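The structure under discussion appears below in the form of structure tokens.
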Amino acid sequence: MVDDAPRPPLPPFTAATAREKVRLAEDGWNGRDPAKVARAYTPDSQWRNRAEFPTGRAEIEAFLTRKWRRELEYRLIKELWAHDGNRIAVRYAYEYRDDSGQWFRAYGNENWEFEENGLMARRHASINELPIREEERKFHWPLGRRPDDHPGLSDLGL
Numbered sequence: 520m521v522d523d524a525p526r527p528p529l530p531p532f533t534a535a536t537a538r539e540k541v542r543l544a545e546d547g548w549n550g551r552d553p554a555k556v557a558r559a560y561t562p563d564s565q566w567r568n569r570a571e572f573p574t575g576r577a578e579i580e581a582f583l584t585r586k587w588r589r590e591l592e593y594r595l596i597k598e599l600w601a602h603d604g605n606r607i608a609v610r611y612a613y614e615y616r617d618d619s620g621q622w623f624r625a626y627g628n629e630n631w632e633f634e635e636n637g638l639m640a641r642r643h644a645s646i647n648e649l650p651i652r653e654e655e656r657k658f659h660w661p662l663g664r665r666p667d668d669h670p671g672l673s674d675l676g677l
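Structure below.
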């Protein structure tokens, strides 16, 4: 795949294409392949993620590699919040455990801006996280893509 090949759906987004784009992003992140995920972003994409500000695919890939080395059994659900033209806002939650066995749930919002080829040029994420007990987990599918019949965030009361 050419790194800058169009990544449909393309802006301007409709409600349906924005939902599709959100699900494709969720699927990519649940695959936990940093190189593959980084290709969804422009070569000079700018991020804000907590206190880190990666710029460009190489920094994004390095960031994701570190993230998924510490965040074990990572499972993510994203939900469309709003869209307009080439922008999408999402809310999300993910669960993971650390190497000591402590489980966490992180909640957040992201604002995305896309180039006309469907690659994301900007990603601004705000995230809060809390420790949870294993029995409080809500994301119970095998690692990888969330099954279509698994409840989303609203269905889970998140």
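The sequence shown begins at 520 in our numbering and counts up by one.
Backbone N, C-alpha and C fix where the C-beta goes; we use that ideal spot for every residue, glycine too.
As the structure is a computational prediction, the values presented were derived from the model and not from experiment.
Pick from the options that is closest to residue i, judged by C-alpha positions
| i | options | result |
| --- | --- | --- |
| Ala-612 | Asp-618, Ser-619, His-602 and Phe-623 | Phe-623 |
| Asp-552 | Trp-600, Phe-582 and Ile-651 | Phe-582 |
| Ala-537 | Asp-667, Pro-661 and Lys-597 | Lys-597 |
| Arg-567 | Phe-633, Pro-527, Ala-559 and Arg-641 | Arg-641 |
| Gly-663 | Phe-532, Glu-539 and Leu-543 | Leu-543 |
| Gly-547 | Asn-628, Arg-616 and Trp-587 | Trp-587 |
| Gln-565 | Met-639, Gly-627 and Asp-523 | Met-639 |
Separation of residue j from residue i, as counted between CA atoms
| i | j | result |
| --- | --- | --- |
| Glu-655 | Gly-620 | 14 angstroms |
| Thr-584 | Ala-577 | 11 angstroms |
| Trp-631 | Glu-648 | 21 angstroms |
| Gly-671 | Arg-610 | 11 angstroms |
| Gly-614 | Pro-562 | According to the sequence as given, residue 614 is Glu; it is not Gly. Their backbone Cα atoms lie some 29 angstroms apart in a straight line. |
| Arg-665 | His-659 | 9 angstroms |
Beta-bridge pairing of residue i - partner residues as DSSP gives them
| i | result |
| --- | --- |
| Glu-592 | In DSSP, Glu-592 forms no bridge with anything. |
| His-659 | Paired residues: none, contrary to the question. |
Residue j beta carbon less than 7 angstroms from that of residue i
| i | j | result |
| --- | --- | --- |
| Gly-637 | Leu-529 | yes |
| Val-541 | Leu-599 | yes |
| Leu-486 | Glu-629 | As shown, the chain starts at 520 and ends at 677. That puts residue 486 outside it, with no answer to give. |
| Pro-532 | His-643 | Sequence check: residue 532 is Phe here, not Pro. No, the pair does not count as a contact, with Cβ atoms beyond the cut-off. |
| Tyr-593 | Ile-579 | no |
Buried or exposed by the 16-neighbour rule on C-beta atoms within 10 Å, applied to residue i
| i | result |
| --- | --- |
| Glu-571 | exposed |
| Glu-635 | exposed |
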